[in-house]
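Undergrad: Mind having a look at this structure? Questions to follow.
Residue numbers (our numbering): 10 to 344.
What follows is the structure in structure tokens.
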């Protein structure tokens, strides 16, 4: 009887070990993913550097906090931050605490936030309202961001986020390829695109830092040939030239996307997109009447906190139901 009990327990322990290892590997992968950096310098009112100043950044959506101390040159750098909106504050003995609110951090970017401290009590604070520079001054890379608003608001046939990459200069659809359509229903493969004139299989697709290309270097796709739905994507960046060596294994461009995350507030969405023959015009060979066609694309998202300021969850689902008739044409030799 004991042997019968030991076998299920051993299997359970092995399952737990696999889950723990998977979580650790996932955490390490996220740490190397498409994250951002906040850097800057802490100075006094006269422009002199302040070494040893304490710096704190807090993500407003999740409440997560990171800290650092300025070096001998008064500079600080906080890498591996998730995209979002942050508040940055710095303080030192004998100076008022300076706070910069609403610092936006996007995927793969580095934002420079310089803070000047005024003489006073540490318990006093000064809110800095100066705008953060929009120009990327820490690297020479050429890239374009497709942000949250563009992803949510722009209409997409098929709702495949990778089609929005065509908004960037130098990105075009690759010959004999289709992105965001049902052209590859049988294989489930996505499309290809060219960046800067390079072949389609020279473009690297990253999702949360992981290469998601298939065996033929296509973008991955569902049975409808679509990539991940737009409701699950927060934003993505298209790198075209001079990008960092960390984006290897490609001679073309890099498309780096980051998925949404839960926050301290419960939030979600639901959608249903309908297409059918009532809204369509008959084709040239349809004999004057539209063929039966019904397409429903539906889904939703839901996210929130598991442990406030520490652990979060986010769920996304998208379904596709399509029923249609097609017309096949044949060439017939005339007499």
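For glycine and all other residues, C-beta sits at the position ideal for the given N, C-alpha and C.
Remember, it's a predicted structure, so these values are computed and weren't measured experimentally.
(1) Would you say the segment 262–270 touches the segment 314–327, given that touching needs at least three Cβ pairs under 8 Å?
(2) Below 6 Å CB to CB, which residues in the same chain sit around residue 22 once its five sequence neighbours on both sides are set aside?
(3) Can you give me the C-alpha to C-alpha distance between residue 287 and residue 336, rounded to a whole angstrom?
(4) Give the range of the beta strand (DSSP E) segment to which residue 222 is assigned.
(5) In whole angstroms, what is the alpha-carbon distance linking residue 46 and residue 182?
(6) By how many angstroms is the C-alpha of residue 203 removed from the C-alpha of residue 62?
(7) Do you know how far the Cα of residue 279 is from the Cα of residue 329?
(8) So residue 158 is in the beta strand (DSSP E); what residue range does that whole segment cover?
(9) Under the three-state reduction of DSSP, which class applies to residue 237: helix, strand or coil?
(10) Determine contact between the segment 238–257 and the segment 159–177, defined as no fewer than three beta-carbon pairs at a distance below 8 Å.
(11) How should residue 306 be labelled, buried or exposed, when 16 other C-beta atoms within 10 angstroms of its C-beta is the threshold for buried?
(12) Below 8 Å, can you find three or more Cβ-Cβ pairs linking the segment 257–266 to the segment 300–320?
(13) Tell me the start and end of each unbroken beta strand (DSSP E) in the segment 271–322 that is at least 3 residues and wholly inside, in chain order.
(14) May I ask you to list the residues that DSSP assigns as paired with residue 135?
(15) According to DSSP, residue 182 sits in a beta bridge with which residue or residues?
(16) Under a three-way DSSP split, which group does residue 93 fall into?
(17) Is residue 242 buried or exposed, if buried means 16 or more other CB atoms sit within 10 Å of its CB?
(18) Cβ atoms of residue 213 and residue 258: under 9 Å apart, would you say?
(19) Sorted by chain position, which residues of the same chain lie with C-beta nearer than 8 Å to residue 334's C-beta, five sequence neighbours on each side aside?
(20) Can you give the Cα-Cα distance for residue 246 and residue 339, rounded to whole angstroms?
(21) Cβ of residue 9 within 9 Å of Cβ of residue 105?
(22) So residue 121 is in the beta strand (DSSP E); what residue range does that whole segment cover?
(23) So residue 170 is in the beta strand (DSSP E); what residue range does that whole segment cover?
(24) Is the beta carbon of residue 71 less than 9 Å from the beta carbon of residue 318?
(25) Would residue 291 be called buried (16 or more neighbouring beta carbons within 10 Å of its own) or exposed?
TA: Looking at the coordinates:
(1) yes
(2) Within the chain shown, numbered from 1, the residue matching residue 22 stands at position 13. Here the set comprises nothing.
(3) Taking the first residue of the chain shown as position 1, residue 287 is located at position 278. Taking the first residue of the chain shown as position 1, residue 336 is located at position 327. Cα to Cα, the separation comes out at about 18 Å.
(4) What you label residue 222 is simply residue 213 of the chain shown in a count that begins at 1. First-last for residue 222: undefined, no H or E at that position.
(5) Counted from its first residue, the chain shown places residue 46 at position 37. Counted from its first residue, the chain shown places residue 182 at position 173. Going from the Cα of residue 46 to the Cα of residue 182 covers about 32 Å.
(6) For the purposes of this step, residue 62 is taken as residue 53 along the chain shown, with counting starting at 1. For the purposes of this step, residue 203 is taken as residue 194 along the chain shown, with counting starting at 1. Going by the C-alpha atoms only, they are around 47 Å apart.
(7) On the chain shown, position 320 is the one that residue 329 refers to. On the chain shown, position 270 is the one that residue 279 refers to. Distance between the alpha carbons of residue 329 and residue 279 is about 14 Å.
(8) Sequence index remark: in the chain shown, residue 158 carries index 149 (1-based). Where residue 158 is concerned, there is no enclosing beta strand (DSSP E), although the alpha helix (DSSP H) it sits in stretches over 157–162.
(9) In the chain shown, the residue the question calls residue 237 occupies position 228. Reduced to three states, the DSSP call for residue 237 is coil.
(10) yes
(11) Here the question's residue 306 lines up with position 297 in the chain shown. Buried, by the Cβ-count rule.
(12) no
(13) 276–285, 302–316
(14) Taking the first residue of the chain shown as 1, we reach residue 135 at position 126. 107, per the DSSP bridge assignment.
(15) As a working note, residue 182 is residue 173 in the chain shown. Beta-bridge pairing links residue 182 to 202.
(16) The sequence position of residue 93 within the chain shown is 84, counting from 1. Strand.
(17) Locating residue 242 in the chain shown gives position 233, where the first residue counts as 1. Burial call: buried.
(18) For the purposes of this step, residue 258 is identified with residue 249 of the chain shown, where counting begins at 1. For the purposes of this step, residue 213 is identified with residue 204 of the chain shown, where counting begins at 1. Yes; because the gap between Cβ atoms is below 9 Å, this pair is in contact.
(19) As a first step, residue 334 must be located in the chain shown, where it is residue number 325. Contacts found: 300, 301, 302.
(20) Along the chain shown, one-based indexing puts residue 246 at 237. Along the chain shown, one-based indexing puts residue 339 at 330. Between residue 246 and residue 339, the C-alpha separation is close to 44 Å.
(21) The first residue shown for the chain is 10 and the last is 344, placing residue 9 beyond what the model contains.
(22) The count along the chain shown starts at 1 and reaches residue 121 at position 112. Counting along the chain, the beta strand (DSSP E) containing residue 121 begins and ends at 119–121.
(23) Within the chain shown, numbered from 1, the residue matching residue 170 stands at position 161. It is not in any beta strand (DSSP E) - residue 170 carries neither H nor E in the DSSP assignment.
(24) What you label residue 71 is simply residue 62 of the chain shown in a count that begins at 1. What you label residue 318 is simply residue 309 of the chain shown in a count that begins at 1. Yes, the pair counts as a contact, with Cβ atoms nearer than the cut-off.
(25) Walking along the chain shown from the start, residue 291 turns up at place 282. Per the 10 Å Cβ criterion, exposed.
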